[in-house]
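J.:
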Amino acid sequence: MHTNHQIRFVKKSASQNIAERIASIGGVNPDGTTWEISQAQAVIGIESGRWMFYIHCNEEFSKVIVAVSTDAEKYLKTEMDLFDMSLLLLLPDYPMGLQLG
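Mapping of the sequence shown onto full-length UniProt numbering: residues 1 to 101, in sequence order.
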């Protein structure tokens, strides 16, 4: 059984490679604490059925899925993404001073 998690923040890398643009994702737990995992951990969690992630963008929810680049690298994208445009990259970076964990 998977658990649902809203992604609220993204740590971005400087890479132009579509599969490497996201370093990690994060969000806020019901108790107000924050969580952060690497993109690789998220891919494993989605593929194993352990986790399901989504974003809230423009008054809509979009499920986060695993995609495969032309170089056969796995990465995260949303069901609403078009071509190389990623809604995940539009999410804010972690706010300064936010305590993770």
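Glycine included, every Cβ here is placed at the ideal spot set by N, Cα and C.
Quick caveat: nothing in here was measured; it's all calculated off a predicted structure.
Tell me whether the beta-carbon of G19 lies closer than 8 angstroms to the beta-carbon of D71.
T.: Position 19 of the sequence shown, counted from the first residue, corresponds to residue 19. Position 71 of the sequence shown, counted from the first residue, corresponds to residue 71. For clarity, residue 19 is Ala in the given sequence; the question names Gly instead. Yes.
J.: From the DSSP secondary-structure annotation, give me the bridge partner or partners of residue 106.
T.: Limits of the chain in this structure are 1 at one end and 101 at the other, which puts residue 106 out of reach.
J.: Based on DSSP bridge pairs, tell me the residues matched to Q6.
T.: Locating residue 6 in the sequence shown gives position 6, counting from the first residue. The partner list for Q6 (beta bridge, DSSP) reads Y54.
J.: So what does DSSP say about E36, is it helix, strand or coil?
T.: Numbered from its first residue, the sequence shown carries residue 36 at position 36. Correct three-state label for E36: strand.
J.: Can you tell me which of L82, R21 and L76 puts its alpha carbon nearest to the alpha carbon of residue 102?
T.: With the chain represented from 1 up to 101, any question about residue 102 goes unanswered, as that position is not in the structure.
J.: Could you check where the beta strand (DSSP E) with G27 kicks off and where it finishes?
T.: As a working note, residue 27 is residue 27 in the sequence shown. Per DSSP, G27 belongs to the beta strand (DSSP E) from I22 to V28.
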